[in-house]
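Input: a single structure, listed below in structure tokens.
Number of protein chains: 2
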Amino acid sequence: MYEELKYWYLRDHKLFRTLSFSQIKQLCIITGFKKASKGEIIYFSSSDVPRIFLLKKGNIKIVAVDDNGNETIKDIIQKGDLFGELTLETDNKNEEYAKVLSDDVAICSFLMSDFEDLLLRNPTLAISYTKFVGLKMKRIKNSYSNLISKDAKTRLYQFLKDWAEKEGTVNGNSVTIENYLTQNDIAQIICTSRQTATQLLNEMETNHLLSYNRKEIVIQDITKL
Amino acid sequence: MYEELKYWYLRDHKLFRTLSFSQIKQLCIITGFKKASKGEIIYFSSSDVPRIFLLKKGNIKIVAVDDNGNETIKDIIQKGDLFGELTLETDNKNEEYAKVLSDDVAICSFLMSDFEDLLLRNPTLAISYTKFVGLKMKRIKNSYSNLISKDAKTRLYQFLKDWAEKEGTVNGNSVTIENYLTQNDIAQIICTSRQTATQLLNEMETNHLLSYNRKEIVIQDITKL
DNA sequence: GTTCAATTGTAAATTAGCTGACATTTTGCT
DNA sequence: AGCAAAATGTCAGCTAATTTACAATTGAAC
Chain D
1 MYEELKYWYL RDHKLFRTLS FSQIKQLCII TGFKKASKGE IIYFSSSDVP RIFLLKKGNI
61 KIVAVDDNGN ETIKDIIQKG DLFGELTLET DNKNEEYAKV LSDDVAICSF LMSDFEDLLL
121 RNPTLAISYT KFVGLKMKRI KNSYSNLISK DAKTRLYQFL KDWAEKEGTV NGNSVTIENY
181 LTQNDIAQII CTSRQTATQL LNEMETNHLL SYNRKEIVIQ DITKL
Chain U
1 MYEELKYWYL RDHKLFRTLS FSQIKQLCII TGFKKASKGE IIYFSSSDVP RIFLLKKGNI
61 KIVAVDDNGN ETIKDIIQKG DLFGELTLET DNKNEEYAKV LSDDVAICSF LMSDFEDLLL
121 RNPTLAISYT KFVGLKMKRI KNSYSNLISK DAKTRLYQFL KDWAEKEGTV NGNSVTIENY
181 LTQNDIAQII CTSRQTATQL LNEMETNHLL SYNRKEIVIQ DITKL
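Protein chains in written order, with the UniProt record's numbering: chain D, 1 to 225; chain U, 1 to 225.
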């Protein structure tokens with residue numbers, strides 16, 4: 001029954017829908033499970049054998065540390081997202097780790113080499129996977145060109161719109177987002193200083209565009225952003 | 001013999017090294033050839049059937065036009081690079097075109113659907129291709145995080161180093177680059193204003209770091225950048 | 001050779017946003 | 001409850017780089 005559970009955990013991701021039961025089982029044999037709670041740090045890049053991870057529950061942020069010890073948020077991973085060495089290529093110089101943002105997370109993982117084997121035997125999956133990586137690339141390109149050509153305000157608005165679309169609960173024109181990020185996190189994501197982010201958020205609050213607190217963000221009218 | 005030629009054209013790219021003659025021939029049947037000269041604009045995103053392109057000779061820039069009609073340089077493609085819908089996914093809302101930078105270019109292309117068929121029959125190629133797309137993604141990530149966290153000067157230095165490494169002719173510590181870009185192009189690539197780029201380049205010239213003209217750039221000592 | 005457009009050079013004014021430096025509030029913890 | 005740590009609020013410089021504005025140079029076309 002444990003096997004069964006794992007099966008469904010993987011099956012859930014749209015990438016694996018096309019796989020037969022036995023194929024998933026093959027991956028499952030080496031599938032690892034992990035639970036973690038808020039604030040915990042999960043190392044995944046170096047040391048261990050290269051793995052691909054699937055976040056089953058909760059939210060995490062991928063943080064990179066540069067030579068000066070500065071932390072930068074690379075990515076926010078949500079329930080259902082894959083992360084890790086998606087390029088099937090290991091690079092060890094990469095100092096990245098994941099930090100748990102929600103109360104707790106469930107992560108399932110498998111070895112990159114096993115996945116590669118599976119892709120070899122499953123060309124359709126290989127194509128789906130390529131498209132998946134491509135989509136990811138397109139998203140990254142998009143958000144980066146936002147970062148570069150737009151000012152901080154526009155970037156914040158765009159970020160909030162994206163966030164609302166991905167995770168918000170809609171209620172007419174109003175959208176409610178469960179807020180698991182600090183203002184500092186938000187600032188890092190939109191690449192600005194914490195102070196600027198605070199200012200902009202307060203400005204939006206006085207303009208009745210949204211109401212902000214540490215639990216949730218309510219956007220009064222998403223069409224006005 | 002025309003067939004033969006095309007074979008070698010494709011064969012040249014390291015992605016296709018693992019393919020058999022017949023497999024390449026299969027692609028070649030639908031391979032298109034194109035020649036174009038300086039300043040010419042090549043549309044490749046919309047209208048036509050989705051294709052993947054391989055630049056065999058010369059240099060082009062990929063330019064995107066936003067809603068306000070502003071042009072941004074998305075990418076510089078060099079001899080041997082693939083471009084087009086590398087993600088195997090068409091998106092039509094994308095307003096992109098290529099502009100020829102060198103005196104003339106040779107481009108060879110094939111249909112995305114044919115390539116997809118080939119990938120299906122060739123899992124090894126599929127994996128290579130996935131890794132290739134992944135590598136591209138990693139490069140993009142890298143250059144973007146440069147754009148975001150570094151100042152204009154550092155960005156210019158990094159760009160020149162990259163350019164020199166890719167295309168420069170080394171002579172001891174000195175490197176000569178054939179300059180097919182205007183200062184405005186360079187400015188756009190490193191995401192700054194034309195004036196700032198000009199200033200920085202002149203500053204480098206007075207500091208004897210390089211000599212610049214419209215034909216070539218000579219970096220006196222690449223290790224000093 | 002002359003003309004015109006593109007490219008390059010230079011400088012002052014303006015500005016978005018960062019830094020640093022605090023005060024205040026909230027949260028988790030024992 | 002009471003404390004420390006984390007998160008938020010606010011403000012005054014400061015700075016890199018954009019904008020605006022124009023001059024000078026180069027190159028290609030006729």
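Every residue, glycine too, gets a C-beta built ideally from N, C-alpha and C.
* In terms of DSSP beta bridges, what is U:Y43 paired with? -> U:Y97
- prompt: Would DSSP call U:I190 helix, strand or coil?
  reply: coil
Problem - Length of the line joining the Cα atoms of D:E216 and D:L181 - result: 10 Å
*If you draw a straight line from the alpha carbon of D:G168 to that of U:Y129, how long is it in whole angstroms?*
36 Å
| task | Within its chain, find whatever has a CB closer than 7 Å to the CB of U:A164; leave out the 5 residues flanking it on each side and keep chain order. | result | V175, I177, I219 and I222
Inter-stretch contact (C-beta, 8 Å, three-pair minimum) for the region 78 to 89 of chain D and the region 129 to 147 of chain U: yes
Just verifying my parser: in three-state terms, what is the DSSP assignment at D:S211? strand
| said: Quick check: is the beta carbon of U:I134 nearer than 9 Å to any beta carbon in chain D? | reply: The displayed chain sequence assigns Gly, not Ile, to residue 134 of chain U. It does; some Cβ of chain D falls within 9 Å.
Problem - Within chain U, the residues that D:M112 reaches when beta carbons sit closer than 8 Å - result: Chain U residues near D:M112: none, gap ~11 Å exceeds 8 Å.
Query raised in the report: DSSP puts U:D75 in a beta bridge; with which residues?
Result: U:I62
Quick one: give me the first and last residue of the beta strand (DSSP E) that D:T223 is part of.
-> Per DSSP, D:T223 belongs to no beta strand (DSSP E) and is neither H nor E.
Along the UniProt domain "HTH crp-type" (150 to 223) of chain U, where does the CB come closer than 7 Å to a CB of chain D? Name the residues. C191
For U:I60, the nearest candidate out of U:P123, U:D117, U:T198 and U:K74 (CA to CA): U:K74
Just the Cα atoms here: how many angstroms apart are D:L118 and D:F110?
-> 11 Å
Where does U:S149 sit, in a helix, a strand or coil, going by DSSP?
helix
Could you please give me the residues that DSSP links to U:A126 through a beta bridge?
Looking at the DSSP assignment, U:A126 forms no beta bridge with any residue, so it has no partner.
Report task. State the beta-bridge partners of D:R51 as determined by DSSP. Result -> D:L111
Problem - Residue burial classification, D:Q195 (beta-carbon count within 10 angstroms, cutoff 16) - result: exposed
**Message:** Run through the DSSP bridge pairs and tell me what D:V170 is partnered with.
**Reply:** D:V175
>> I believe U:I189 touches U:A152 by the beta-carbon criterion, under 8 Å. Please report the beta-carbon distance rounded to the nearest angstrom.
In response: Not quite, the Cβ-Cβ distance comes to about 12 Å (not below 8 Å), so this is no contact.
Exercise for review: Return no unless some Cβ of chain D is closer than 9 Å to the Cβ of U:K141.
Suggested key: yes
> Quick one: does U:D12 have its CB under 9 Å from some CB of chain D?
Replying inline: Bear in mind that a pLDDT of 49 at U:D12, under 50, signals an unreliable position, so the number given afterwards is only what the model happens to contain. No, no contact with chain D.
request  = Mark U:G58 as exposed unless 16 or more other C-beta atoms lie within 10 angstroms of its C-beta, in which case mark it buried.
outcome  = buried
**OP:** Starting from the beta carbon of D:P123, find every residue of chain U whose beta carbon is closer than 8 Å, and list them in chain order.
**Re:** L119, L120, R121, N122, P123 and A126
Starting from the Cα of D:V105, find the closest Cα among D:S211, D:G39 and D:G172 and give me that residue. D:G39
If you reduce the DSSP assignment to three classes, tell me which class U:D104 lands in. strand
Got a sec, what are the start and stop residues for the beta strand (DSSP E) D:L86 sits in? No beta strand (DSSP E) contains D:L86, which DSSP labels as neither H nor E.
Practice problem: Check whether the Cβ atoms of U:I52 and U:I62 lie closer than 9 Å to each other. | Solution: no
### Message
If we define contact as Cβ-Cβ less than 9 Å, is D:S102 a contact residue for chain U?
### Response
no
Q.
Could you check whether the Cβ of D:L147 sits closer than 8 Å to any heavy atom belonging to the ligand ADP?
A. Inclusion of the ligand ADP in the displayed structure is not the case, the ligand content being empty and no account of it being possible.
| request: Measure from the alpha carbon of U:L210 to the alpha carbon of each residue in U:N184, U:L156, U:K166 and U:A187, then state which is nearest. | output: U:L156
task = Round the Cβ separation of U:I140 and D:L147 to the nearest angstrom and send it over; I've been treating them as touching at under 8 Å.
result = That belief does not hold up - the Cβ atoms of U:I140 and D:L147 are roughly 13 Å apart, past 8 Å.
Quiz item: Using the beta-carbon count (16 or more within 10 Å), is D:I41 buried or exposed?
Solution: exposed
**OP:** Mind listing the chain U neighbours of D:E89? Cutoff is C-beta to C-beta under 9 Å, in chain order.
**Re:** K131, G134, L135 and K138
Does the beta-carbon of U:N207 have 16 or more other beta-carbons within 10 angstroms, so that it is buried, or is it exposed? exposed
- Task: Could you tell me whether the Cβ atoms of U:L225 and U:L160 are closer together than 9 Å?
- Result: yes
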